[in-house]
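Visitor: Sending over a structure as structure tokens; questions will come in a sec.
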Ligand code: BES
Ligand code: MN
Ligand code: ZN
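In the working numbering, the protein residues as written are 87 to 577.
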């Protein structure tokens, strides 16, 4: 969906959207003679202007009727959350309504450019869908809304949208596409192809290692996961050099398991189709790199994505196998379904050996246990650095993709000691997300500032929310974007 800004309402047919901040109905003043009938209709519907509430009615216009969508923003009208709910409501209500054009008239409400672009971002995000394989949709099921025009915004909003937030919308959209695609379409090689197709003109640099190149580097942990699949793995490296020359980069390392059957420690059949989105960490990082490059972030950033498929064929690794990682550390693979940490291990070593990053943040759909801890409300944050924790928590809060810090401790680290190798790839069931984080931590060298985001509960949603329909959420892109802005560019 296109976002436009205008000084006055356009001519012709459109659905009119008016925000109402609780009892403050000043935005209705523009209705003129229709106002009292509209107010009566709102009162009949017991509409009180609460944030997230909406009422639809029709008013006479130009000899016909016009759809009027009234959206509540609550008393504190311009707060980020209310602004997002306003944008989301516009798209969820109008996307398949038959309306092609929506005009949001901000009227007498004092939205600053940040709040207005927040409305725009939420509206654009909520209108995203992927219908490539739905070839028999009835006309009534197809999206109709093509454009949202925002009237009455401060002058700088249009530029802020184009330069700062439209790139984020495009990044999130790219992530959602990668996450939505099934595993017969997106596997390591085609993941890379999709990224290649998306980057011309962005200034992103790309480098790709195949299985053979990784074998030469000794990436035995990642390759052990890949060896049961006919799909050759890839290590995808993306660089954005928008900062000062010579400044150490921030590295985003990610899990890109394009399908996770569990391997020989195979998963139950029910629900296994969900494991097509086990590349959600890599999807988020790829989308974030698109966003950062398109908004020309003043930061040096490198992304390292470990792309593999975890399958159980005759060549698959067995429980009990010992693999040697690129770091030299050996791992006893107790459970082949704990594969994400094996992929991250070598990707982190590669990042450190080649880029000497000042900060490493990894994103991964790492454990089912994080869903038990945090449900679908927060991503889990694990880190060896309190300042980094606060920066990431703040980025989560500001972006709307929320994080909650989880503990790490020596006592948890001990639980992954192995009698035959340097460590084993699983601990006990209890604290499963924490021992997974401790495992990853063992591959972080020289006390580098590091954080791990376990986003297994967040990349896919079974129900619609403010900024997404059910399906891929694009979680993580906005955290990376905000974190880079506040913690890297601002320095
Ligand atoms: N990809 C899964 C984690 C996952 C589970 C993501 C459910 C989303 C929803 C991961 O590779 C995995 O299988 N983890 C195991 C680890 C266990 C074997 C220690 C898990 O969480 O069960
Ligand atoms: Mn697994
Ligand atoms: Zn997995």
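Even for Gly, the Cβ is constructed at its ideal location relative to N, Cα and C.
1) Would you call residue 98 buried or exposed, if buried means 16 or more other Cβ atoms sit within 10 Å of its Cβ?
2) Residue 537 and residue 447 - do their beta-carbons sit closer together than 9 angstroms?
3) Residue ranges of each alpha helix (DSSP H) run of no fewer than 4 residues wholly in the segment 416–483, ordered along the chain?
4) Whole alpha helix (DSSP H) runs in the segment 236–300 with 4 or more residues, listed along the chain?
5) So is the beta-carbon of residue 580 under 8 angstroms away from any non-hydrogen atom of the ligand ZN?
6) Tell me whether residue 452 counts as near the ligand ZN, meaning its Cβ is closer than 8 angstroms to at least one heavy atom of that ligand.
7) Which residues count as close to the ligand ZN when the rule is a CB under 5 angstroms from any of its heavy atoms, in chain order?
8) Can you pull the DSSP bridge partners for residue 546?
9) Have a look at the DSSP bridge pairing and note the partners of residue 345.
10) Provide the residue(s) that pair with residue 101 in DSSP beta bridges, ordered along the chain.
11) Where residue 135 and residue 210 are concerned, what is the direct C-alpha to C-alpha distance, given to the nearest angstrom?
12) Spell out the partners DSSP gives residue 509 in its beta bridges.
13) I want to know whether the segment 380–387 touches the segment 268–277 - three or more CB-CB distances under 8 angstroms.
14) Assign residue 199 to one of three DSSP states: helix, strand, or coil.
15) Quick check on DSSP: helix, strand or coil for residue 88?
16) Taking a contact to mean a Cβ-Cβ separation below 9 angstroms, would you say residue 156 touches residue 165 in this structure?
17) Helix, strand or coil for residue 359, going by three-state DSSP, please let me know.
18) With distances taken Cα to Cα, identify the nearest neighbour of residue 212 among 571, 552, 564, 562.
19) With which residues is residue 150 paired in a DSSP beta bridge?
20) List the whole-angstrom C-beta distance separating residue 89 from residue 206, where the pair is believed to meet the contact cut-off of C-beta under 8 angstroms.
21) Which one of 314, 456, 147, 544 has the shortest CA to CA distance from residue 102?
22) Check whether the Cβ atoms of residue 365 and residue 272 lie closer than 9 angstroms to each other.
23) For the 8 angstroms Cβ check, are there 3 or more pairs between the segment 346–360 and the segment 292–309?
24) Determine the direct distance from the alpha carbon of residue 342 to that of residue 518, and round the result to whole angstroms.
25) With DSSP as the reference, label residue 406 as helix, strand or coil.
26) In the DSSP assignment, the alpha helix (DSSP H) including residue 564 goes from what residue to what residue?
27) Between 475, 377, 467, 398, which lies nearest to residue 289 when the distance is taken from Cα to Cα?
28) Cβ-heavy atom distance between residue 423 and the ligand HEM below 8 angstroms?
29) For residue 230 and residue 186, which I take to be in contact (beta-carbon distance under 8 angstroms), what is that distance rounded to the nearest angstrom?
30) Classify residue 455 as buried or exposed, calling it buried when 16 or more other Cβ atoms lie within 10 Å of its own Cβ.
31) Which stretch, first to last residue, makes up the beta strand (DSSP E) that contains residue 540?
32) What is the DSSP secondary structure of residue 387, reduced to helix, strand or coil?
33) For residue 231, is the beta carbon positioned less than 8 angstroms from some heavy atom of the ligand BES?
34) Compute every distance between the C-beta of residue 396 and the non-hydrogen atoms of the ligand MN, then say whether any falls below 8 angstroms.
35) According to DSSP, simplified to helix, strand and coil, what is residue 180?
36) Going by alpha carbons, who is nearest to residue 260 out of 215, 497, 95?
Guide: Straight from the coordinates:
1) Start at 1 with the first residue of the chain shown, and residue 98 comes out as number 12. Under this definition residue 98 is an exposed residue.
2) Against the chain shown, residue 447 aligns to sequence position 361. Against the chain shown, residue 537 aligns to sequence position 451. Closer than 9 angstroms, so yes.
3) 426–441, 455–460
4) 243–246, 252–266, 274–284
5) Missing from the structure shown is residue 580; the chain here goes from 87 to 577 and no further.
6) Locating residue 452 in the chain shown gives position 366, counting from the first residue. Result yes, Cβ under 8 angstroms from the ligand ZN.
7) 343, 346, 364, 426
8) Here residue 546 corresponds to residue number 460 of the chain shown, with the count starting at 1. 558, per the DSSP bridge assignment.
9) The residue given as residue 345 occupies position 259 in the chain shown. Answer is 395.
10) Position 15 of the chain shown, counted from the first residue, corresponds to residue 101. In DSSP, residue 101 forms a bridge with 188.
11) Counting from one through the chain shown, the residue named residue 135 turns up at place 49. Counting from one through the chain shown, the residue named residue 210 turns up at place 124. So the alpha carbons of these two residues sit roughly 23 angstroms apart.
12) Here residue 509 corresponds to residue number 423 of the chain shown, with the count starting at 1. Bridge partners of residue 509: 417.
13) no
14) Position 113 of the chain shown, counting from 1, holds the residue named residue 199. It is helical.
15) As a working note, residue 88 is residue 2 in the chain shown. Residue 88 falls in the strand class under three-state DSSP.
16) The residue given as residue 156 occupies position 70 in the chain shown. The residue given as residue 165 occupies position 79 in the chain shown. Not a contact, by the Cβ cut-off of 9 angstroms.
17) On the chain shown, residue 359 is found 273 positions in, with the first residue counted as 1. If DSSP states are grouped into helix, strand and coil, residue 359 belongs with the helices.
18) Residue mapping note: residue 212 aligns to position 126 of the chain shown, counting from 1. Minimum Cα distance to residue 212 is reached at 552.
19) Counting from one through the chain shown, the residue named residue 150 turns up at place 64. In DSSP, residue 150 forms a bridge with 147.
20) Against the chain shown, residue 89 aligns to sequence position 3. Against the chain shown, residue 206 aligns to sequence position 120. Yes, they are in contact, since the Cβ atoms of residue 89 and residue 206 sit about 5 angstroms apart, within 8 angstroms.
21) One-based indexing of the chain shown puts residue 102 at position 16. Checking every option, the nearest Cα to that of residue 102 belongs to 147.
22) On the chain shown, residue 365 is found 279 positions in, with the first residue counted as 1. On the chain shown, residue 272 is found 186 positions in, with the first residue counted as 1. The answer is yes: Cβ separation under 9 angstroms.
23) no
24) Counted from its first residue, the chain shown places residue 518 at position 432. Counted from its first residue, the chain shown places residue 342 at position 256. Going by the C-alpha atoms only, they are around 20 angstroms apart.
25) As a first step, residue 406 must be located in the chain shown, where it is residue number 320. In this structure, residue 406 counts as coil in the three-state DSSP scheme.
26) Along the chain shown, read from residue 1 onward, the residue named residue 564 stands at position 478. First-last of the alpha helix (DSSP H) with residue 564: 563–569.
27) Within the chain shown, the letter at position 203 stands for residue 289. Residue 377 is the option with its Cα nearest to residue 289.
28) The ligand HEM is not among the ligands present in this structure, which contains only the ligand BES, the ligand MN and the ligand ZN.
29) As a first step, residue 230 must be located in the chain shown, where it is residue number 144. As a first step, residue 186 must be located in the chain shown, where it is residue number 100. Their Cβ separation, rounded to whole angstroms, is 6 angstroms, which keeps residue 230 and residue 186 in contact under 8 angstroms.
30) For this step, residue 455 is matched to residue 369 along the chain shown. It is buried - the Cβ of residue 455 has at least 16 other Cβ atoms within 10 Å.
31) Taking the first residue of the chain shown as position 1, residue 540 is located at position 454. Residue 540 -> beta strand (DSSP E) spans 535–540.
32) Here residue 387 corresponds to residue number 301 of the chain shown, with the count starting at 1. Residue state, collapsed to three classes: strand.
33) By one-based count along the chain shown, residue 231 stands at place 145. False, no ligand heavy atom lies under 8 angstroms from that Cβ.
34) Your numbering for residue 396 matches position 310 in the chain shown. Yes; taking the cut-off as 8 angstroms, the Cβ of residue 396 has a heavy atom of the ligand MN nearer than that.
35) As a position in the chain shown, residue 180 is number 94, starting the count at 1. The answer is helix: DSSP assigns residue 180 an H, G or I state.
36) In the chain shown, the residue the question calls residue 260 occupies position 174. Out of 215, 497, 95, 215 has the C-alpha closest to the C-alpha of residue 260.
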